[in-house]
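Chains as they are written, first to last, in my numbering: chain B, 2 to 281; chain E, 71 to 900. We treat Cβ as the ideally placed atom computed from N, Cα and C, and that holds for glycine.
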């Protein structure tokens, strides 16, 4: 007792409150690939092109809970080389209550954690800043390369998408966001739907896939060298421009309309997204 | 006077200590005996029984001779113990010799004995003539009434830089003994009165009397106008280390935008730029806030301001003076490579006095009194914010609280020994109540207890102290989640000051600090998060040991030249890594004329890796990258322009090596990171300070800095992110009479380089040419109305606004603010 008074008299007491919060629930956030990535032969589009990817790099992370009790922060990205072996870990977040869920797809930073199989070359490929018609001095958030074959004709494509996106308020048909109860554990998988890059309509998951307009960009609007470039796509008018006036060219449609929909919350879910530069 | 003697048998020589018959006199005798006596071991030497002592000859004092003189006499002592004959062995001048011979006649001994019988003997006897210390005293009266003013404090700053305090008695009298000779600055500092100072020359043997006639502040202007006879006052610069900048408590209280906080007032000094307007984290000559050390009575203060922008954690009433050492600081200070802010607490006062204030957000109080007939003093003070109660009305989910305390007990064990127990602490909490549970967004607390013993050696002092400290910081996302980092600190220090001669003051010290850091275990962390990993690596559980030794000499080469060479060596050990810092320092002051002084300060300073901002417990562990190191140089000229008005121009160049300056080097937007990129740096500039004491009827200052601060990372050289080319502070206060004193301060600085968007994995090369943000200007205003209710009692109404112009500041492309801090309150003291 006397010792206690002495400490008290000297003011040597720790007064900050202890952590009295109830135990949270845990979410293991993972990333997985669609069939177009996992199947060696790729996918067959409705217009007869077999599309396959030889390299698919994506930087994704910063999984975030909001509108509930957040217990930690995972303020980092991972660089993934897909398809990889099954679902790969993105991060672990803790929270309690009914939370909105979000994440980001961004060019890698110096702190970006490499996923399985990622090489230094992958890191540099994504990290070297460059400019295109949609981003200035930015690394790539998504890099894809592959081939499309039809009737003995092969077209190659290598595209870097440099715009980053912040995804918020993710939901599925079954639920909005995620609900965490104390000491519970659940998995939230973000599926990378590569086939989305070739979908005919941006607002319809069941819309058919096609590659012919891309091939035509090289043949009719480009140099017909077998390489479909973003510059060539930028010369192709978007066929649905009247319906979607924000996309005037096929490149607009691919870059701004389809790429943001590549990552899918819980496979079939959707999120509100906005370009990173608009994030305030 | 002191008398020393030596007793020695002729051959073989045997030695014995005579008993200390007289207080403070240790006598050692030399006894000459003849050869036959050797065969008679029963010889007992004479024993000193009575010694009235000697007096330093007044004729010598009048002639200006103040040296210590030793006169050795040969005394013949008869069988009765009386001195039958005395001769001077080594003449030292007629006055001393005669005084010694005269005094020897009054000596009385127990005679020597042989075989149990009294025996005549002959001994050597030494008289030591020490020049008597000057006496200084006087009275303090009320200029209006002529009555004595009791219980006011009188400060004497002696020629050796030491400070001495006295408190007037009921008759207004005061007296201080034991002062060194030379020029002394005497000041009366009392709330409610105009500060008065006097410059006097203290000579040994003289009793100097200084009479102050205090005028209540509101009467001071009228007194001046009516030409009331004034004391002959010569205001001189304080006898401090060369190149130091200081604000006294009285000045700080009048500075608009400082809220009376001495630590906040340093923002106005040249060479100092804030991280952001209103945010009291300062860059000093290009060094980031984490490289600036804050000390209170030699005890490091880990966190200075409540909730970042709030008041300082030390009650202003306890702080006598704040000194800013921008470079080349005294060897007593180390372990910080950027600068030192050293504050001194007020001297203990054995009379009941106190002060308090009630403001919009908090209230503070400080009370001190004496006990044991003035041998002891007890002080208690603190501040408590009621923001939590206020916020609960507006935003019930937000919890904001801060408080601090200071307590001090002193006791004069002997006239030369003082024991002091000083404890202070601070608590800050910003939290959010969610579902009945408190989420700590930011919480920090620290506590210090310092027990010290001060011994007055006569020619100097010895301080021995032990300190215990506890720091704890808790953050919402500290290492990725809500965790806390706790530091236990035990330290000991010893400081010796000794005047070796009239021209040389020797100072030396040792200090050792042992700190135990512990980071609370992760509960809800993502183990792969780089930020978490970096934090846990940098702030890992460990024990840190720092051992330091320092010394310097204050050489008064001539009355106009002062040179202070010194050095300190610090041994650092953190975990299993070690490093050594060797810091030579030298400073000098050359009085070119009565009013013009040239100052120089050069030094090397080392510091372990540091966090960008001073936060309790956030002390990086990694010594493997070596110590941060700076070479600091400055040269300047100081001019006493007129009474209480001075001007100074200083040029400086600091070079930094191995810096951990994440603020200055980061090319990413956002808060400081844990990045440990080691950088080189350079800071070059010119500083101007024109100042008229703010406590005067018309007071103010102009402080300007022209600077360039750059960093080098690898091959990249670029301006520091905190580089501001021009920084200007100008303040003016005026006593309108009747207790009204308005004041204003303008703050202007040019913009910092815009942060480049370069978050890519492969960074871009930065160049020296960068785009800068716009300049910033703000105006702080202060209005005080003071009522003096008695000789020592006063009450004031103070309204103050920092950034009354509601100016916004731009960082990068983002506009922040306006950060405007209003304060309305009532202060009082007795």
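Where residue i meets chain E, residues with beta-carbon distance less than 7 Å
| i | result |
| --- | --- |
| residue 164/B | By Cβ distance, chain E contributes nothing, its closest Cβ being about 14 Å from residue 164/B, past 7 Å. |
| residue 21/B | 507 and 508 |
| residue 25/B | 594 |
Below-8 Å beta-carbon distance, residue i vs any chain E residue
| i | result |
| --- | --- |
| residue 144/B | no |
| residue 93/B | yes |
| residue 276/B | no |
| residue 132/B | no |
Sequence-distant residues of the same chain with beta carbon closer than 8 Å to residue i, five excluded per side
| i | result |
| --- | --- |
| residue 502/E | 467, 468, 469, 508, 509 and 511 |
| residue 832/E | Residue placement at residue 832/E is poorly supported in this model, since its pLDDT is 41, which falls under 50; the coordinates are not used for a value here. |
| residue 277/B | 105, 107, 164, 165, 166 and 167 |
| residue 365/E | 371, 403, 410, 411, 412 and 413 |
Cβ-based neighbour list, residue i, same chain, cut-off 7 Å, excluding 5 preceding and 5 following
| i | result |
| --- | --- |
| residue 486/E | 525 and 526 |
| residue 188/E | 149 and 181 |
| residue 848/E | 347, 817, 873, 875 and 877 |
| residue 110/B | 78 |
| residue 612/E | 587, 644, 645 and 691 |
| residue 247/E | 203 and 205 |
Test: residue i CB closer than 8 Å to a CB of chain B
| i | result |
| --- | --- |
| residue 507/E | yes |
| residue 544/E | yes |
| residue 459/E | no |
| residue 882/E | no |
| residue 499/E | yes |
| residue 526/E | no |
| residue 632/E | no |
| residue 536/E | no |
| residue 596/E | yes |
| residue 606/E | no |
| residue 783/E | no |
| residue 467/E | no |
Bridge partner(s) assigned by DSSP for residue i
| i | result |
| --- | --- |
| residue 17/B | Paired residues: none, contrary to the question. |
| residue 238/B | 250/B |
| residue 373/E | Paired residue(s): none; residue 373/E is not in a bridge. |
| residue 266/B | 191/B |
| residue 777/E | 755/E |
| residue 170/E | Answer by DSSP bridge pairing: none, since residue 170/E is not bridged. |
| residue 1/B | Residue 1/B cannot be examined here, being either before or after the span of chain B that is shown, 2 to 281. |
| residue 559/E | 539/E and 585/E |
Proximal chain B residues relative to residue i, where beta-carbon distance stays under 7 Å
| i | result |
| --- | --- |
| residue 600/E | 77, 112 and 114 |
| residue 550/E | 73 and 74 |
| residue 504/E | 70 |
Closer than 8 Å at the beta carbon, the chain B residues around residue i
| i | result |
| --- | --- |
| residue 554/E | 17 |
| residue 438/E | Per Cβ cutoff of 8 Å: no residues; residue 438/E is ~17 Å from chain B at best. |
| residue 776/E | Result: empty, since nearest Cβ-Cβ is about 34 Å, beyond 8 Å. |
Partners in chain E for residue i, counting only beta-carbon separations shorter than 9 Å
| i | result |
| --- | --- |
| residue 63/B | Within chain E, no residue comes near residue 63/B; the closest Cβ sits about 10 Å away, beyond 9 Å. |
Close Cβ partners of residue i (< 6 Å) along its chain, the five nearest in sequence each way excluded
| i | result |
| --- | --- |
| residue 136/E | 201 and 274 |
| residue 880/E | 843 and 844 |
| residue 560/E | 538 and 584 |
| residue 260/E | 222 |
Per-residue contacts from residue i into chain B (C-beta, under 9 Å)
| i | result |
| --- | --- |
| residue 641/E | The premise fails here: residue 641/E is roughly 27 Å from chain B at the closest Cβ pair, so nothing lies under 9 Å. |
heavy atom of the ligand NAP below 7 Å from residue i C-beta
| i | result |
| --- | --- |
| residue 52/B | Because no ligand of any kind appears in the structure shown, any question about the ligand NAP cannot be addressed here. |
Practice problem: Could you tell me which uninterrupted beta strand (DSSP E) segments, each at least 3 residues in length, are contained entirely in the stretch 385-427 of chain E, listed from first to last along the chain? | Solution: 389-395 and 409-415
Quiz item: Can you list the beta strand (DSSP E) stretches of 3 or more residues lying completely in the stretch 846-883 of chain E, in chain order?
Solution: 846-858, 864-872 and 879-881
Quiz prompt | Every unbroken beta strand (DSSP E) inside the stretch 115-155 of chain E [3 residues or more] | solution = 117-120 and 139-147
Quiz prompt | Minimum length 4: unbroken alpha helix (DSSP H) runs contained in the stretch 62-140 of chain B | solution = 121-128
Quiz prompt | Complete beta strand (DSSP E) runs within the stretch 494-530 of chain E (minimum length 3 residues, chain order) | solution = 507-526
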